[in-house]
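The letter at position 193 of the sequence shown is residue 839 when you use my numbering, and the numbering goes up by one with no holes.
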Amino acid sequence: MGNPDKIVAVGLGEVLYDHDVVTDEYTFGGAPANFADHFLKCSRLISGPDAAEVHVVSAVGDDERGRAVSAELEARGLCDGLCRVGELPTGVVDKRRDAAGVNAYEILPGAWDAMTWSDALARLAARTDVVCFGSLAQRSAASHATVVRFLDGVIRRERPTLRVFDVNLRQDFFSREVLEESMARCNILKISDEEAPRVAGCLTGCPAADPGGLCRELLDRRENLEMVILTEGAEGSRVFTRNRISAYVIPRGERVRPVDTVGAGDSFTAAFCAMLAAGYDIWPAQAFASKVAAFVCSCAGATPEYPAAAKTEFLEAL
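Right under this line is the structure:
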């Protein structure tokens, strides 16, 4: 069962390799896997080396890349919650990056489209404290059903949990039904200012001119939601709760020129949740998460190793 004092966290959804078509390099990734990696790193910075037990729940193919994923998780200290799928390859996303460091993706069919339910997943859900999931992994009926069953298992826990829906709208791989069902099962919703109009358009048919107004509306309409996180790029973030709005503006001296934006949003979500799970309030969680995300933007790749002075650099705002 593991150490009952540890936070049990899960990245639920796609695990894959990002393929840079220019350099022909393959990099381990997928938003839930990125979340898991950063959650573990941040928890160790905040609370020490034994603070968290972090799982990646996904599916890989019975192939060389699938075996490489398992080895990658083990090397990073992450727990393997993978099912093996014989008929589909381990996921790959072709990535092209422009001069500003912004990426465009071609998301190929992969094993994570065929996530299957198991008794092991039921047992894990029953002891999960923090789970982060998105919309992309729910593009197939099979994986959607598995994600929903896992979330329902977490909801049935008698203790408080963080169930984070990190909206990651990719191409046309989302629907109103998936967004509605996901929002009904989360208690924390995170969207970016860039995604807010698409979310509003999908849910209401009328893209919102004001992302903040959309966040307040979503919070008012859904009793299960406890907070909505709105990230605003280099400007900072706002967190909406029932009784307040917490705004964090990134100081101009701390803004970075992005090298690669892959994983920045995932790292923000993970860092923010690691702080909440450790008992911190919203504003210091925003400050910490902003520093982590800025560092990730300054590096190539979604999950760079943190600098030796990370504890001082990232936690100095607390």
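Idealized CB from N, CA, C, for every residue including glycine.
The structure presented is a predicted model; accordingly, all values stated were derived computationally and were not measured.
Neighbourhood of residue i by C-beta distance below 6 Å, restricted to the same chain and skipping five residues each side
| i | result |
| --- | --- |
| Val592 | Residue 592 is absent from the model: the chain starts at 647 and stops at 964. |
| Phe918 | Ala931 and Ala935 |
| Asp740 | His665, Val667 and Glu752 |
| Ile928 | Val885 and Ser892 |
Reduced DSSP secondary structure (H/G/I, E/B, other) of residue i
| i | result |
| --- | --- |
| Gly659 | coil |
| Thr807 | coil |
| Asp666 | strand |
| Val748 | coil |
| Leu876 | strand |
| Lys652 | coil |
| Phe886 | strand |
| Gly727 | strand |
| Cys945 | coil |
| Glu699 | strand |
| Val800 | helix |
| Phe820 | coil |
| Ile891 | strand |
| Ala920 | helix |
| Ala682 | helix |
| Ser693 | helix |
| Gly707 | strand |
| Val715 | helix |
| Val793 | helix |
| Leu767 | helix |
| Gly955 | A small correction: the amino acid at residue 955 is Ala; Gly does not occupy that position in the sequence shown. Reduced to three states, the DSSP call for Ala955 is coil. |
Proximal residues to residue i (C-beta, below 8 Å), its chain only, five neighbours per side dropped
| i | result |
| --- | --- |
| Met647 | Interpretation of Met647 is limited by its pLDDT of 41, a score under 50 that renders its predicted location unreliable; the figure taken from the coordinates is listed afterwards. These residues qualify, in order along the chain: Arg773. |
| Ala791 | Trp763 |
| Cys943 | Gly747, Val902, Pro904, Val905, Asp906, Thr907 and Ala910 |
| Ile896 | Ala880, Glu881, Gly882, Ser936 and Ala940 |
C-beta atoms of residue i and residue j nearer than 9 Å
| i | j | result |
| --- | --- | --- |
| Leu797 | Leu835 | no |
| Gly676 | Ser704 | yes |
| Ala920 | His701 | no |
| Leu686 | Phe960 | no |
| Ile653 | Ala956 | no |
| Met829 | Arg868 | yes |
| Gly909 | Gly879 | no |
| Arg785 | Val810 | no |
| Thr807 | Asp775 | yes |
| Asp708 | Leu719 | no |
| Cys861 | Arg822 | no |
| Thr877 | Ser913 | no |
| Ala682 | Ala916 | yes |
| Val794 | Arg831 | yes |
Residues that residue i bridges to, as DSSP identifies them
| i | result |
| --- | --- |
| Thr673 | Asp664 |
| Gly737 | Leu662 |
| Ile834 | Val810 and Met873 |
| Val776 | Ala655 and Leu808 |
Closer than 9 Å to chain B by CB, residue i
| i | result |
| --- | --- |
| Trp763 | No chain B appears in this structure, which consists of one protein chain only. |
Same chain only: Cβ atoms within 7 Å of residue i, ignoring 5 sequence neighbours per side
| i | result |
| --- | --- |
| Val800 | Ala771, Thr774, Val777, Thr807 and Arg809 |
| Gly732 | Asp708 |
| Leu922 | Leu808 and Ala931 |
| Ser693 | Ala924 |
| Cys688 | Ala916, Ala917, Ala920 and Val938 |
| query | Pairing CB atoms from the segment 760-780 with CB atoms from the segment 657-665, are three or more of them under 8 Å? | reply | They touch, by the three-pair rule.
| task | Please determine if the segment 921-938 and the segment 880-900 are in contact, where contact requires at least 3 C-beta pairs separated by less than 8 Å. | result | Proximity of the segment 921-938 to the segment 880-900 meets the contact definition, three or more beta-carbon pairs being nearer than 8 Å.
| field | the segment 776-786 touching the segment 808-818, judged by at least three CB pairs closer than 8 Å | value | Put simply, the segment 776-786 touches the segment 808-818. At least three CB pairs are less than 8 Å apart.
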